[in-house]
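Count the sequence shown with the numbering used here and you get residues 14 to 194, in order.
Here a beta-carbon is modelled for each residue, glycine too, at the ideal position from N, C-alpha and C.
Only a predicted model underlies this, so the values are computations on that prediction, with no experimental measurement involved.
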Amino acid sequence: MTQQTQHTARERILNAFLESMIASYDKKPTINKVAQVAALEPEHVALYFANSDELIYEFFNEVDRNIKIEIEAQVASHHDLITIFINNMAPLLYAKRVPLHVLYTRPYIKGIWLAFIKSKYKRILLAHHQVDEQEGLALEYLIEVLTAFISVWLSQPNPEPLKAFQSRMRHLTGNNINQWL
C-alpha cells in the first residue's frame with residue numbers, strides 16, 4: 014500500500030467516524046459501524062485502528078492538529094493569551110465547528126475530549142511561561158474559563174458567527190484576564 018493510499022484510507026475512516034457520531038447522539042461508534050459507514054471491511058479498519066479508543070484518540074489529534082500548531086507558535090511569541098484566544102484560536106475553532114460541536118455534545122466523548130484538550134493546552138502554556146504555584150492556580154482558572162467559553166459556543170446547534178463570538182469574548186474579558194498570569 015502506498016503512503017497516499019494509507020492517508021486516504023485513514024481520512025475515509027476518520028470521516029466515517031465523524032459521520033457515525035453525528036448520526037448517534039448517545040452511542041459511541043464501534044469499529045464495525047465505522048467500517049460500515051466507510052464501506053470497508055472491519056478488518057481493513059483494524060489495520061489502522063485496533064479499537065475504537067485508538068480511533069477516538071486519532072480523531073482528537075486530527076481535529077486539534079492545526080489548531081495546536083498555530084496556537085503554540087502564537088503562545089511562544091506573545092504573552093497576551095486572551096488576544097491569542099480571540100484573534101487566533103477562535104477562527105481556527107470556528108473552521109472546525111462541525112467536528113467540535115460533536116465532541117462537545119456527545120455524552121460518550123465530551124469528558125474525554127475536555128480532559129484531552131485541557132491537558133494539551135496547559136502543557137503548551139507551561140512550556141512557554143514560567144509559572145509559580147500562585148500563577149499555576151491562575152492558569153488552571155484561565156484554562157477552565159476559556160474551555161467553558163468554547164464549550165458553550167460550540168455546543169449550540171448553530172454556533173453564533175465568529176465575529177459575534179469574538180465581540181462577546183472581548184466584552185466578557187474586558188477586565189483583562191491576563192493580569193491573573
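Query, Result
"Proximity of proline 233 and tryptophan 166 at Cβ, strictly below 8 Å", "Outside the shown range of the chain, which is 14 to 194, sits residue 233, and nothing can be said about it."
"Cβ-based neighbour list, phenylalanine 178, same chain, cut-off 8 Å, excluding 5 preceding and 5 following", "Ala103, Tyr107, Trp166 and Pro172"
"Proximity of alanine 29 and alanine 51 at Cβ, strictly below 8 Å", "yes"
"Option nearest alanine 89 by Cα separation, candidates Glu54, Val115, Ile125 and Leu139", "Leu139"
"C-alpha gap between glutamine 49 and isoleucine 84, whole angstroms", "36 Å"
"Start-to-end residues for the alpha helix (DSSP H) that takes in aspartate 66", "65 to 90"
"Whole-angstrom C-beta distance between isoleucine 44 and phenylalanine 62, which should lie under 8 Å", "7 Å"
"With 16 other Cβ atoms within 10 Å as the buried cut-off, status of aspartate 66", "exposed"
"8 Å Cβ cutoff met for leucine 105 and valine 76", "no"
"Cα-Cα separation, valine 115 to arginine 25", "18 Å"
"Cβ-Cβ separation, isoleucine 69 to isoleucine 125 (assumed contact under 8 Å), whole Å", "7 Å"
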